[in-house]
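Okay, so here's the structure we're looking at.
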Amino acid sequence: MRLDDFAESAGDRIEIDWRSFLLRVEPKTGDRDKFIEYTQSWLRPAESEPRARFQVWASKADQPSSSVPAQVAFKTVEAGWPDLAMAFHHRLLEAYFSENRNIADSDELVNLAVEVGIDREEFEEYARAHADEMTQKVIEDHNMAMENSVTAAPTVVFADAFAVPGAQPVETYDRILDAIESRQS
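Mapping of the sequence shown onto my numbering: residues 5 to 189, in sequence order.
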């Protein structure tokens, strides 16, 4: 969405390195009514994100109990099928925010991998074989974020030093990049 637009406008001036930031670290099942009420807050960013679709949770599916499984699945796709990583990333977001699918459920994550073109058996085998490694990568990313006082998703870090928390208009990212480049000249 916005970061895709920023990447497109910036071209080869930037490289986006997606890192994990766990919004729900410890697995827990919360009150469904409170969760549904929380999902109403998704409508606010929907107003400023025209290409994204957000839907208040209306699914019979359980709400996700943790953000770890989806992050591990993304790391798995990124490592095993790097050319499909962004398609999987977008599919995760769409499945959660638009379709109200439980992206903490392992079967659901396998289905999403298949939907972006990954063979079911290959994904399951690779995920099993690399589960500890991918989980460790997620934990390392999250710990790095915490050490750098990241509190929001997304947070864009420029030049390994300047953090911009929260979703911003593409023009904001462009101005920051221009300012950094002008200082480096």
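Backbone N, C-alpha and C define an ideal beta-carbon position, used for all residues, glycine too.
This one's a predicted model, so the numbers in the text were calculated from it and none came from an experiment.
Asked                                                                                                                                                       : Found
Please report how far the alpha carbon of R55 lies from the alpha carbon of M5, in whole angstroms.                                                         : 7 Å
Alpha carbons only, please: which of K79, G34, E103 and P158 is nearest the one belonging to K64?                                                           : E103
Name the one or two DSSP bridge partners that T159 has.                                                                                                     : P169
Out of A74, T80, Y130 and H134, point me to the one whose CA is closest to N106's CA.                                                                       : A74
CB-CB under 8 Å to D178, same chain, minus the five flanking residues each way: which ones, in chain order?                                                 : F10, S13 and A14
Count the other CB atoms within 10 Å of the CB of V60; is the residue buried (16 or more) or exposed (fewer)?                                               : exposed
Quick one: give me the first and last residue of the alpha helix (DSSP H) that F127 is part of.                                                             : R124 to E151
Using only the alpha-carbon positions, how far apart do T80 and R23 sit?                                                                                    : 13 Å
Rounded to whole angstroms, what's the CA-CA distance from P173 to A117? Just pull it up for me.                                                            : 30 Å
Take G170 and list the residues in its own chain whose beta-carbon comes closer than 7 Å to its own, dropping the five residues that flank it on each side. : A156
Assuming V76 and M138 form a contact by the criterion Cβ under 8 Å, report the distance between their Cβ atoms to the nearest whole angstrom.               : 5 Å
For M5, name the three-state secondary structure that DSSP assigns.                                                                                         : coil
For V60, which three-state DSSP category applies?                                                                                                           : coil
For the alpha helix (DSSP H) that G34 lies in, which residues bound it at each end?                                                                         : Run containing G34: none; DSSP gives neither H nor E here.
Please classify W3: does DSSP put it in a helix, a strand, or coil?                                                                                         : Residue 3 cannot be examined here, being either before or after the span of the chain that is shown, 5 to 189.
Does the beta-carbon distance from A108 to P68 come in below 8 Å?                                                                                           : yes
If you follow the alpha helix (DSSP H) that V120 is in, where does it begin and where does it stop?                                                         : No alpha helix (DSSP H) holds V120; DSSP gives it neither H nor E.
Where do the ends of the alpha helix (DSSP H) carrying A183 lie?                                                                                            : V174 to Q188
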